[in-house]
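Colleague: Submitted below is the structure of interest, expressed as structure tokens.
Number of protein chains: 2
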Amino acid sequence: MTTTVEPVLHESRAYTAHDHTTCINSALERATVICQEKGQRLTALRKQVLELVWQSHKPVGAYDVLAMLSKGQERPAAPPTVYRALDFLLEQGLIHRIASLNAFIGCSCPDTPHAGVFLICEKCRTTRELDSHDNIQNLKNAADSTGFKTSKTLIEISGLCPCCQEEASDE
Amino acid sequence: MTTTVEPVLHESRAYTAHDHTTCINSALERATVICQEKGQRLTALRKQVLELVWQSHKPVGAYDVLAMLSKGQERPAAPPTVYRALDFLLEQGLIHRIASLNAFIGCSCPDTPHAGVFLICEKCRTTRELDSHDNIQNLKNAADSTGFKTSKTLIEISGLCPCCQEEASDE
DNA sequence: TCAAGAATGTTATATTATATCCTTCCACAT
DNA sequence: ATGTGGAAGGATATAATATAACATTCTTGA
Ligand SMILES: [Zn+2]
Ligand SMILES: [Zn+2]
Ligand SMILES: [Zn+2]
Ligand SMILES: [Zn+2]
């Protein structure tokens, strides 16, 4: 029995035109399975928030989610509603928080918990999650070799994505 | 002519008992020289804010600075006063911002601008700046090899400092 | 069917940060 | 020495992000 893990989303697609509904659907399906396996409840609200976070490959603020969630509703949602859902998704490893932007982004490979390395475009905000296990490990080693005991690493790299570099050189 | 650079503050002292006034005075003197050399104005206010940020080896919030600054004043300072001073100090590389804590900490080697790697104790909040040029370079290389153009790196490592590890094992 | 706990709703407030406009100060040229 | 322009700081208001506390509803399993 070989239940092969779904191939990891190629995050580089974040930079190119693509059928983004595939990204969303894939993320939602995967989240459903992951929560089932862990006995966690991916409620309608949580799923909806996850979907909203996945509306783009750019980090989304909690209040953006709140606004989208409330759109067309008779009674708009309140902040705790969104923050609680985001907290749940963070705990399950389904999204990451981008501290430098106070924003959230869907995790592109949520199957195993991990610290992310994020490449954040300063121009278009498109953010790609890099698989940099080795670099993280090296950092941890450097930290721990000083007597520190690492529990979490936060790495956010700002700069220009390939597309925005091109545009810059066009001028 | 060999105007040797002052030895870098040994940041590991952050974890041990030490004469902290030395840290503060050294930071202030160094800042004075650096600003002179760059033709920047380290005004009384800015110097005072820098001193307040340096009151400990823990990141300090802007509103903490604000409170300390206002203490005993007839009329308390307003947020922009502090944020402007902090912005100046950030620009001059005299302090760093810790995004995961929304707080600021004095830079332990401000002579040359650099991205920091911070070891943040989750228990006592003591934060040490690590000199990890190689690790940062590796990360940059990893990022740039994907076509990204890095301009800034943000690395914050949370965990337990040596002291707090000992205390934890005492129980 | 009921009880316990999880999830969500609701209201209020805390915390962090910025916009805007006005006044004061300082370096420099006249 | 005096005026001038720009930088710095004061003051007021408000934006943006996040949480506390408590009430209600929903789910699940005994
Ligand atoms: Zn996509
Ligand atoms: Zn871009
Ligand atoms: Zn010290
Ligand atoms: Zn500690």
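Residue numbers (this note's numbering), protein chains in the order written: chain A, 54 to 224; chain B, 54 to 224.
All C-beta atoms in this analysis are idealised placements derived from N, C-alpha and C, irrespective of residue type, glycine included.
So, helix, strand or coil for A/C174, using DSSP?
Modeller: The residue given as residue 174 of chain A occupies position 121 in the first sequence. Of the three classes helix, strand and coil, the one that applies to A/C174 here is strand, per DSSP.
Colleague: Could you confirm whether any beta carbon from chain A is found closer than 7 Å to the beta carbon of B/L62?
Modeller: On the second sequence, residue 62 of chain B is found 9 positions in, with the first residue counted as 1. Low per-residue confidence applies at B/L62: pLDDT is 47, beneath 50, and the placement is therefore not dependable enough to give any value.
Colleague: Exposed or buried, which one is B/P133 when buried takes at least 16 other CB atoms within 10 Å?
Modeller: As a working note, residue 133 of chain B is residue 80 in the second sequence. B/P133 comes out exposed.
Colleague: Between A/L147 and A/V135, is the Cβ-Cβ spacing less than 7 Å?
Modeller: Translated into the one-based positions of the first sequence, residue 147 of chain A becomes position 94. Translated into the one-based positions of the first sequence, residue 135 of chain A becomes position 82. Their beta carbons are not under 7 Å apart, which means A/L147 does not touch A/V135 by this criterion.
Colleague: In the DSSP assignment, what are the bridge partners of A/E44?
Modeller: Residue 44 of chain A is absent from the model: chain A starts at 54 and stops at 224.
Colleague: Which residues of chain B have a Cβ atom closer than 9 Å to the Cβ of A/Q218, listed in chain order?
Modeller: Walking along the first sequence from the start, residue 218 of chain A turns up at place 165. Going along chain B in sequence order, the residues near A/Q218 (Cβ under 9 Å) are G200, F201, K202.
Colleague: What whole-angstrom Cβ distance do B/T180 and B/I158 have, given they're in contact under 8 Å?
Modeller: Sequence index remark: in the second sequence, residue 180 of chain B carries index 127 (1-based). Sequence index remark: in the second sequence, residue 158 of chain B carries index 105 (1-based). The Cβ separation is near 6 Å, so the contact holds.
Colleague: Kindly list, in the order they appear in chain A, the residues whose Cβ is closer than 7 Å to that of B/A152.
Modeller: For this step, residue 152 of chain B is matched to residue 99 along the second sequence. Simply A152, S153.
Colleague: Would the segment 185–198 of chain A and the segment 216–223 of chain A be scored as touching if the rule is three or more Cβ pairs under 8 Å?
Modeller: Segments in contact, no.
Colleague: One question on the structure: do A/I37 and B/T206 come within less than 7 Å of each other, judged by their Cβ atoms?
Modeller: Nothing can be reported for residue 37 of chain A, as the shown portion of chain A is limited to 54 through 224.
Colleague: The beta strand (DSSP E) with A/A80 in it runs from where to where?
Modeller: Sequence index remark: in the first sequence, residue 80 of chain A carries index 27 (1-based). First-last for A/A80: 73–91, but that is the alpha helix (DSSP H), not the beta strand (DSSP E).
Colleague: Give a single yes or no on whether A/C76 has its beta carbon closer than 6 Å to a heavy atom of ligand 1.
Modeller: Taking the first sequence and counting its residues from 1, one reaches residue 76 of chain A at position 23. Yes, the Cβ of A/C76 comes within 6 Å of a heavy atom of ligand 1.
Colleague: Please state the DSSP three-state secondary structure of A/F201.
Modeller: Here residue 201 of chain A refers to the residue found at position 148 of the first sequence. Three-state DSSP puts A/F201 in coil, outside helix and strand.
Colleague: Which residues bound the beta strand (DSSP E) around A/T180?
Modeller: Against the first sequence, residue 180 of chain A aligns to sequence position 127. Its beta strand (DSSP E) spans residues 180–183.
Colleague: Is the number of C-beta pairs between the segment 83–99 of chain A and the segment 163–172 of chain A that are closer than 8 Å three or more?
Modeller: The segment 83–99 of chain A vs the segment 163–172 of chain A: in contact.
Colleague: Output yes if chain A places a C-beta closer than 7 Å to the C-beta of B/K205; else output no.
Modeller: If you number the second sequence from 1, residue 205 of chain B lands on position 152. At least one chain A Cβ lies under 7 Å of B/K205.
Colleague: Under a Cβ-count criterion, where at least 16 other Cβ atoms within 10 Å of its own Cβ denotes burial, should A/T55 be classed as buried or exposed?
Modeller: Counting from 1 along the first sequence, the entry for residue 55 of chain A is found at position 2. In this prediction, A/T55 scores a pLDDT of 39, lower than 50, which makes its location untrustworthy; no coordinate-derived value is stated.
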